[in-house]
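Start counting the sequence shown at 153; every next residue gets the next number (our numbering).
Positions of the beta carbon are idealized from the N, C-alpha and C atoms, including for glycine.
Computed from a prediction, not measured in an experiment: that's the story for all the values here.
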Amino acid sequence: MPDYEVFATVWKVWEKGVKEIKDQEQFSHFVQPFISYITDADIEYKKSVKQRLYELMQASDPQVRKRALVMHGYFFK
């Protein structure tokens, strides 16, 4: 599987967790294995989901907004 396909798959799983896992501790445990992979990915891969991150930062759920903002910080320090 090409690197971008792996990144896209990991991103989709992360995004699903952001929206569906309400308990913050459970979310932290869930997302931990993905963080290193996602944050170490090629900058072009990160840029490919930048617009989606902005959309998540505007979500009606404050927890989703916060999680997206944190990920944005990881991506674009």
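Which value, in whole angstroms, describes the spacing of the CA atoms of SER180 and GLU157?
As a first step, residue 180 must be located in the sequence shown, where it is residue number 28. As a first step, residue 157 must be located in the sequence shown, where it is residue number 5. Going by the C-alpha atoms only, they are around 24 Å apart.
Backbone secondary structure at ASP192 - three-state DSSP:
Here residue 192 corresponds to residue number 40 of the sequence shown, with the count starting at 1. Here ASP192 sits in helix by DSSP.
Own chain residues within Cβ distance below 7 Å of LYS171, not counting five before or after
Numbered from its first residue, the sequence shown carries residue 171 at position 19. Closer than 7 Å at Cβ, skipping near neighbours: VAL216.
Could you give the DSSP three-state label for LYS174: helix, strand or coil?
Along the sequence shown, read from residue 1 onward, the residue named residue 174 stands at position 22. The answer is coil: DSSP assigns LYS174 none of H, G, I, E or B.
Please report the distance separating the alpha-carbon of LYS218 from that of TYR189.
In the sequence shown, the residue the question calls residue 218 occupies position 66. In the sequence shown, the residue the question calls residue 189 occupies position 37. Going from the Cα of LYS218 to the Cα of TYR189 covers about 20 Å.
Straight-line gap, TYR226 to ALA160 (C-alpha atoms, nearest Å):
The residue labelled residue 226 in the question sits at position 74 within the sequence shown. The residue labelled residue 160 in the question sits at position 8 within the sequence shown. So the alpha carbons of these two residues sit roughly 17 Å apart.
Can the beta-carbon of TRP163 be found closer than 7 Å to that of VAL222?
For this step, residue 163 is matched to residue 11 along the sequence shown. For this step, residue 222 is matched to residue 70 along the sequence shown. Not a contact, by the Cβ cut-off of 7 Å.
When THR191, ILE173 and GLY169 are compared against LYS229, the one with the closest alpha-carbon:
Numbered from its first residue, the sequence shown carries residue 229 at position 77. Of the listed residues, the one whose Cα sits closest to LYS229 is THR191.
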